[in-house]
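Residue numbers (mature numbering (1 follows the signal peptide of the UniProt record, and there is no 0)): -22 to -1, 1 to 253.
Glycine included, C-beta positions come from ideal geometry on N, C-alpha and C.
Treat the numbers as computed from the prediction; the structure is a model and nothing was measured.
Inspection log for the structure reproduced underneath, given as structure tokens.
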Ligand SMILES: [Zn+2]
């Protein structure tokens, strides 16, 4: 029993630290409080249960835990509605550079989304000279960001962290269209039930197949889109969506009918584009 507890806490601790920093994904990376007894104690000591509907939905997040106060009083929250006519074009911005490689990954259904964890630290993004390492990616349905008031079918978030702990999230909008064949590697073993167990994929997953060919992007300063809604997050939202088949979108929707935070006020912030 003792060794079992030790094993769990060893797994939980780095994941929790990551989610506190990188948690656009989740504050409960290995399952919700209901899932199991031991992680539950550790998790609830950190965060209250939150969700996308009912009494724990986004409009109530700040009431659930004092650590979630920023969700209500923050002034640089995400997601936002990106309106083309307000975007400031800045040709001085460097193009986004991703160095993503075929990677070993594992997947977890944490009760909020499907999160894919990277098993190696090789995947990087460079934004205005700063390098960030990819930690995980996950999915929202419908999209969290809006373009001119419209949601896309889904949105993919690649969560990165720099050496000094800064967070950068790359968002790619997903529209229904052609099938993404690389995605089938994940979707064929999609964990439908919430669990702390990670599903390890056999072989490599090519992250580049989830990105559009044209990496033009919007940039702004925002927050994690899940509690504790921490600000200081560098956002990069790709202008060009990627396509998935309706069946691929439907497979996620069958597990998470909706897992998107509503758009937040832009306030005094500016959205820039890199071309
Ligand atoms: Zn997200």
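Once you ignore the five residues that flank residue i on each side, which residues in its own chain have a CB closer than 7 Å to its CB?
{"i": "residue 218", "result": "190, 192, 194"}
{"i": "residue 186", "result": "78"}
{"i": "residue 47", "result": "40"}
{"i": "residue 130", "result": "120, 121, 151, 152, 153, 219"}
{"i": "residue -10", "result": "Confidence is the limiting factor: at residue -10 the pLDDT is only 35, short of 50, which leaves the residue's position unreliable, though a coordinate-based value still follows. Excluding positions up to five away in sequence, the list is empty."}
{"i": "residue 182", "result": "80, 81, 82"}
What does a CB cutoff of less than 6 Å around residue i pick up in its chain, not counting 5 residues either side in sequence?
{"i": "residue 146", "result": "105, 110, 138, 212"}
{"i": "residue 140", "result": "108, 110"}
{"i": "residue 45", "result": "206"}
{"i": "residue 95", "result": "84, 114"}
{"i": "residue 229", "result": "165"}
{"i": "residue 68", "result": "250"}
Between residue i and ligand 1, is there a pair consisting of the residue's CB and a ligand heavy atom that are separated by less than 7 Å?
{"i": "residue 203", "result": "yes"}
{"i": "residue 138", "result": "no"}
{"i": "residue 236", "result": "no"}
{"i": "residue 135", "result": "yes"}
{"i": "residue 118", "result": "yes"}
Can you list, in chain order, the residues of its chain whose CB lies under 8 Å from that of residue i, leaving out five sequence neighbours each side?
{"i": "residue 231", "result": "119"}
{"i": "residue 314", "result": "Past the boundaries of the shown model lies residue 314; the chain is included only from -22 to 253, so the question cannot be answered."}
{"i": "residue 235", "result": "119"}
{"i": "residue 66", "result": "248, 249, 250, 251"}
Based on the DSSP secondary-structure assignment, which residues constitute the bridge partners of residue i?
{"i": "residue 87", "result": "92"}
{"i": "residue 66", "result": "250"}
{"i": "residue 77", "result": "102"}
{"i": "residue 183", "result": "81"}
{"i": "residue 60", "result": "125"}
Q: Could you say if the stretch 167 to 179 and the stretch 82 to 98 meet the contact criterion of at least three C-beta pairs nearer than 8 Å?
A: yes
Q.
Please give the ranges of any beta strand (DSSP E) in the stretch 93 to 177, keeping only runs that are unbroken, at least 3 residues long and fully inside the region.
A. 102 to 105, 108 to 118, 132 to 140, 145 to 154
Q. Is it a yes or a no for the stretch 49 to 64 touching the stretch 154 to 161, going by three-plus beta-carbon pairs under 8 Å?
A. no
Q. Is there contact between the stretch 93 to 105 and the stretch 69 to 80, where contact requires at least three CB pairs shorter than 8 Å?
A. yes
Q. Are three or more beta carbon pairs between the stretch 57 to 66 and the stretch 119 to 133 nearer than 8 Å?
A. yes
Q: Ignoring anything shorter than 4 residues or poking outside the stretch 196 to 246, list the alpha helix (DSSP H) runs there in chain order.
A: 224 to 231
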